[in-house]
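Going letter by letter, the sequence shown gives residues -28 to -1, 1 to 113 in mature numbering (1 follows the signal peptide of the UniProt record, and there is no 0). C-beta: ideal position from N, C-alpha, C; glycine also. Worksheet for the structure shown next.
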Amino acid sequence: MAGPNLEVFKFGLYLFFPLAIMVHYGDPDWYRKHVLPIRDEFWPRENTLFKPPRNSTDLKSTLEEMKEQRLARRDARLAGEAAGKLGQQQEVTKARTSSSSSSSSSSRPSPVPHTAAPGTSFWTSRGTPADWEKADRRRLV
């Protein structure tokens, strides 16, 4: 076993090391010098934070604003989709008229890129994993 001097040293280290750290990093001058310059890199500004409504009138007004914003985004999206569909239809009619007038001797249809409906895929299902296991067992036997 070590002597009492080691125990006194360990006691002093355990007691004074945390105190020295608190004194060093708790100093207001150290905070102003090292923390304040880079604080804005870590935390957003106060005016950009969302402050939740505290009473029913604020809640109702916030809900109305959110609904107006959602409807405005929806109207813009629908207007964009309608303009996009109109533009696509015009391109298709132009392509049909130009292809029929320019090359009437060609029997092949013009290549049209395949498009899938939203939420669908070009790949067809080849069974489930259970079906795959059955096929593997048949091959092994």
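Report task. Could you tell me the boundaries of the alpha helix (DSSP H) in which Ile10 lies? Result -> Here Ile10 belongs to no alpha helix (DSSP H), and DSSP marks it neither H nor E.
Query raised in the report: Can you list the beta strand (DSSP E) stretches of 3 or more residues lying completely in the region 23 to 52, in chain order?
Result: Runs found: none.
**Report entry** C-alpha gap between Gln41 and Ala51, whole angstroms
**Finding:** 15 angstroms
Query raised in the report: With a CB to CB cut of under 8 angstroms and the five nearest residues on each side skipped, what residues in its chain are close to Leu31?
Result: So the list reads Pro25, once near-sequence residues are dropped.
Requested in this report: Return the CA-CA distance between Leu35 and Arg68, expressed in angstroms with no decimal places.
Outcome: 49 angstroms
Report task. Measure the alpha-carbon distance for Pro(-1) versus Asp12 and round it to whole angstroms. Result -> The straight-line gap from Cα to Cα measures roughly 18 angstroms.
Requested in this report: Report the rounded CA-to-CA distance for residue 119 versus Lys5, giving the unit in angstroms.
Outcome: This structure gives no information on residue 119, because the portion of the chain shown stretches from -28 to 113.
Report task. Could you have a look at Ala(-27) and say whether DSSP puts it in helix, strand or coil? Result -> The answer is coil: DSSP assigns Ala(-27) none of H, G, I, E or B.
Report task. Confirm the yes/no value for this check: CB of Lys32, any heavy atom of the ligand GDP, distance under 7 angstroms. Result -> For the structure depicted, the ligand GDP is absent and the ligand set is empty, with no information on it obtainable.
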